[in-house]
Structure formats: structure tokens, C-alpha cells
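Asks: To start, I am sharing the structure in question, which I have written as C-alpha cells.
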Amino acid sequence: MEKHIEEPSTEKNITGYFYLLGAVFGGLTGGYIQESFLGAIIGIVVGVALAGFFVGNLLKGREHDR
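All residue numbers for the sequence shown refer to full-length UniProt numbering, where the first residue is 1 and numbers rise by one.
Here you go:
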């Protein structure tokens, strides 16, 4: 059998950007709607949770689009 040598991947891991965007815009949205610091914290948590769902389920099989 032939052994195939895999070349190192040159793709960048961009999942961290989605978590960062979810946290920033979730915090801004929560803070704006609730007009409080607690609302901003809750918005950050919800934004990171939605980003995790996006990265884990929706972004998983779309390597060709990036």
C-alpha cells in the first residue's frame, strides 16, 4: 500500500473571530436594550452561545466557502 504524505494545512482557524463578534455585538445589543451593565453581561453570554452554535453546527461542513 502506498503511504500518502499529508501537507501541512495552510488554512487559518477563524472560529475565534466568531466568538469575539458574538461577544461584542451580544454585549452591545444587551446593553442597549436593557440599558444596564447586567444586560450587557447577559448579552455577551447569549452572543457567545449563539456563536458556539454557529461554529459547531452551521460552519462545520462549509470548508469550501472559506
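Just so it is clear, CB atoms sit at the ideal spot from N, CA and C, and this is done for glycine as well.
#1: CA-CA distance, Pro8 and Ile14?
#2: For Ile41, which residues of its own chain have a beta-carbon under 8 Å away from its beta-carbon, when the five flanking residues on both sides are left out?
#3: Could you give the DSSP three-state label for Leu59: helix, strand or coil?
#4: Just to confirm my understanding: we take Phe18, look at its own chain, exclude 5 residues before and 5 after, and list those with CB closer than 7 Å. What are they?
#5: For Ile14, which three-state DSSP category applies?
#6: With Gly16 and Val48 assumed to form a contact (beta carbons below 8 Å), what rounded beta-carbon distance in angstroms separates them?
Replies: On the basis of the data shown:
#1: Working through the sequence shown from its first residue, we reach residue 8 at position 8. Working through the sequence shown from its first residue, we reach residue 14 at position 14. Answer to the nearest angstrom: the Cα atoms are 17 Å apart.
#2: Start at 1 with the first residue of the sequence shown, and residue 41 comes out as number 41. Excluding sequence neighbours, Ile41 sits near Gly27, Gly30.
#3: For the purposes of this step, residue 59 is taken as residue 59 along the sequence shown, with counting starting at 1. Correct three-state label for Leu59: coil.
#4: Here residue 18 refers to the residue found at position 18 when the sequence shown is read from its first residue. Answer for Phe18: Ala51, Phe54, Val55, listed in chain order.
#5: As a working mapping, residue 14 is identified with position 14 in the sequence shown. Correct three-state label for Ile14: coil.
#6: Counted from its first residue, the sequence shown places residue 16 at position 16. Counted from its first residue, the sequence shown places residue 48 at position 48. Their Cβ separation, rounded to whole angstroms, is 11 Å, which puts Gly16 and Val48 out of contact at 8 Å.
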